[in-house]
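In the UniProt record's numbering, the protein residues as written are 1 to 217. C-beta atoms are modelled at their ideal positions from N, C-alpha and C, and glycine is treated no differently.
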């Protein structure tokens with residue numbers, strides 16, 4: 001089975017997340033895409049972060065009825081910070097026959113060397129990097145971050161990067177849906193409209209539970 005992985009705080013999940021998930025699903029003919037909320041994000045401040053259970057519930061609202069999309073609570077059952085290396089190792093133990101495609105952003109690619117045991121990530125999955133429209137697709141290892149480029153070679157036939165472990169690094173052009181979770185939170189706090197950025201079920205969940213100061217006052 002081919003399994004896509006999209007992780008994040010999902011604070012909150014929005015239409016941009018769903019759009020890039022659909023693109024990855026179609027590009028790689030994925031059997032399923034797992035949306036994995038981080039319980040304790042290692043790279044982001046957690047002040048004011050809604051509880052894991054509420055962020056998971058918003059993910060479930062967002063993807064309800066979408067074929068091949070699944071919410072995964074694996075990081076909610078671990079103690080300590082939610083490291084991607086640990087999650088990938090757990091998924092391999094649970095689904096040893098699966099091939100994994102792990103979506104990250106371009107900014108994450110360039111900071112990957114700062115991640116917890118980042119060198120263990122490459123053998124565990126294929127990396128899929130979302131890039132903005134207009135950003136040139138790298139066509140040589142010289143375009144990769146210095147910390148990782150020595151572990152990859154460029155296959156000019158497949159037009160992709162191959163890791164020494166046999167995994168691949170792909171670049172996926174992201175649909176330009178200019179949505180930011182941070183801006184959504186600010187808009188909610190200021191009672192400005194956000195409906196066009198959120199799945200309707202997520203918007204209703206936020207209002208019902210008064211998240212991000214929405215519906216107060």
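Which partner residues does residue i have in the DSSP bridge list?
i: residue 70; result: 34
i: residue 104; result: 129
i: residue 155; result: 160
i: residue 84; result: Answer is none; residue 84 lacks a bridge partner.
i: residue 99; result: 2
Could you spell out where the alpha helix (DSSP H) holding residue i opens and where it closes?
i: residue 187; result: 181 to 189
i: residue 112; result: Element bounds for residue 112: n/a, residue is neither H nor E.
i: residue 279; result: Limits of the chain in this structure are 1 at one end and 217 at the other, which puts residue 279 out of reach.
i: residue 207; result: 200 to 208
i: residue 20; result: 15 to 27
i: residue 148; result: 146 to 149
Hey, could you find the ends of the beta strand (DSSP E) residue i is sitting in?
i: residue 168; result: 168 to 173
i: residue 4; result: 2 to 8
Within a Cβ cutoff of 8 Å, which residues of the same chain sit near residue i, ignoring the five residues on either side of it in sequence?
i: residue 213; result: 188 and 189
i: residue 203; result: 194 and 195
i: residue 59; result: 10, 13, 35, 37 and 71
Decide if residue i is buried, meaning its Cβ has at least 16 other Cβ atoms within 10 Å, or exposed.
i: residue 16; result: buried
i: residue 178; result: exposed
i: residue 167; result: buried
i: residue 181; result: buried
CB-CB under 6 Å to residue i, same chain, minus the five flanking residues each way: which ones, in chain order?
i: residue 149; result: 141
i: residue 165; result: 122 and 123
i: residue 126; result: 101, 167 and 168
Is residue i near the ligand ZN, in the sense that its beta carbon is under 7 Å from a heavy atom of that ligand?
i: residue 208; result: The ligand ZN is not among the ligands present in this structure, which contains no ligands whatsoever.
Between residue i and residue j, how many whole angstroms is the CB-CB distance? I'm expecting something under 8 Å.
i: residue 39; j: residue 108; result: That pair is no contact at about 18 Å.
i: residue 28; j: residue 101; result: 5 Å
Apart from the five residues just before and just after residue i, which ones in its own chain have a Cβ nearer than 7 Å to its Cβ?
i: residue 151; result: 122, 163 and 164
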